[in-house]
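Counting from 1 along the sequence shown, just add 937 to a position and that's the residue number in my numbering. Structure first, commentary second.
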Amino acid sequence: MTNTSPTRVDFWFDPACPFAWITSRWLLEVERRRPLDLRFHVMSLHLHNIGNELPDWYRDLVDRSIGPVRVAVAAAERHGEKVLRDLYTAFGTRIHERKAEDFDTVITESLAELGLPADLATAAHDPSYDDAVRRSHEAGVEPDSGGYVGTPTLHVEGTVWFGPVLRAIPRGTRAAELFDSFRVLAADPDLFELKRTRTGNLRFD
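Here it is, written out as structure tokens:
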């Protein structure tokens, strides 16, 4: 497939979601080999799971995840949505690759790494940002569906998808070929679901 015009891809993430992290790194690989107009947006596992019964370990993660999400929204409000790509990379590198569990430290270190104002960290514990989080979160939902797709969510040329959910990050030519195949499937108006049993461990290399 040799498409010369950029493919619009809107990607919604929660910094704490490992599947979103893998999908995001795949898209960055694709971006090196295919013309993409790739844009990052925030969604929230915390909002998605309000009222849901969860295992204790997952409830702890979900409740803590709202901190980085609020900071991401605050940074986007102050510096524009383009800041989200690098801020998410800074968050995700620490959370998923370095296994950092103290999200306040993740936030502080990430802001410092990017030269962003340190006072943005206060947003992590400020519920006044939750309306902005909800607006970004709900923008990921398919228009008029009233439903929810999950993390990660992709909008590709007007179609809305949960996933692709990957166990490892495709690299090089394989990443581009997988995206080419995904575009073909995403363009079919009759396809709405494709799934198989999860196996193996997640890999972030």
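Even glycine gets a Cβ: it sits at the ideal position worked out from N, Cα and C. It should be emphasised that the depicted structure is a prediction, and the values quoted were computed from it without experimental measurement.
Range of the contiguous beta strand (DSSP E) that encloses residue i
i, result
"VAL1092", "In the sequence as presented, Val is not what sits at residue 1092; that position holds His. From DSSP, the beta strand (DSSP E) with HIS1092 extends over 1090-1093."
"ARG945", "944-950"
"THR1096", "1096-1099"
Residue interval of the alpha helix (DSSP H) (run including residue i)
i, result
"VAL979", "Looking at the DSSP string, VAL979 is not in any alpha helix (DSSP H); the run it does join, the beta strand (DSSP E), is 973-979."
"VAL1078", "Per DSSP, VAL1078 belongs to no alpha helix (DSSP H) and is neither H nor E."
"VAL1020", "1020-1029"
"SER1065", "Segment: none, SER1065 is in no alpha helix (DSSP H) and carries neither H nor E."
"ALA1049", "1040-1051"
"HIS983", "982-985"
Whole-angstrom distance between residue j and residue i, CA atom to CA atom
i, j, result
"VAL967", "ALA1112", "6 Å"
"ARG1007", "GLU1114", "35 Å"
"LEU982", "VAL1010", "14 Å"
"TRP963", "THR1042", "26 Å"
"TRP949", "GLU1130", "19 Å"
"LEU973", "PHE1116", "11 Å"
"LEU1091", "ASP1056", "31 Å"
"TRP994", "CYS954", "14 Å"
"THR1096", "THR1045", "36 Å"
"ARG1072", "ARG1133", "31 Å"
"LEU1048", "ALA1061", "12 Å"
"PHE1099", "ILE959", "13 Å"
"LEU1051", "ALA1013", "13 Å"
"ASP951", "ARG1031", "14 Å"
"PHE992", "SER942", "The amino acid at residue 992 is misidentified as Phe; the sequence shows Pro. About 45 Å."
"LEU984", "ARG976", "21 Å"
"ARG1001", "LEU1122", "35 Å"
"LEU998", "GLY1004", "11 Å"
"ASP1142", "ILE1106", "7 Å"
"ASP1068", "HIS978", "15 Å"
"SER1065", "LEU965", "32 Å"
Collapsed DSSP secondary structure at residue i in the structure displayed
i, result
"ASP997", "helix"
"ASP1127", "coil"
"VAL967", "helix"
"ARG1108", "coil"
"ARG1135", "coil"
"ASP1056", "helix"
"GLY1017", "coil"
"VAL1006", "helix"
"VAL1070", "helix"
"VAL1121", "helix"
"ARG962", "helix"
"PHE956", "helix"
"ARG1140", "coil"
"ALA990", "For the sequence presented, residue 990 should be read as Glu rather than Ala. Coil at GLU990, not helix or strand."
"LEU1103", "coil"
Checklist entry - Touch check for the stretch 974-990 and the stretch 1035-1053: three-plus C-beta pairs under 8 Å? => result Contact fails: fewer than three Cβ-Cβ distances are below 8 Å.
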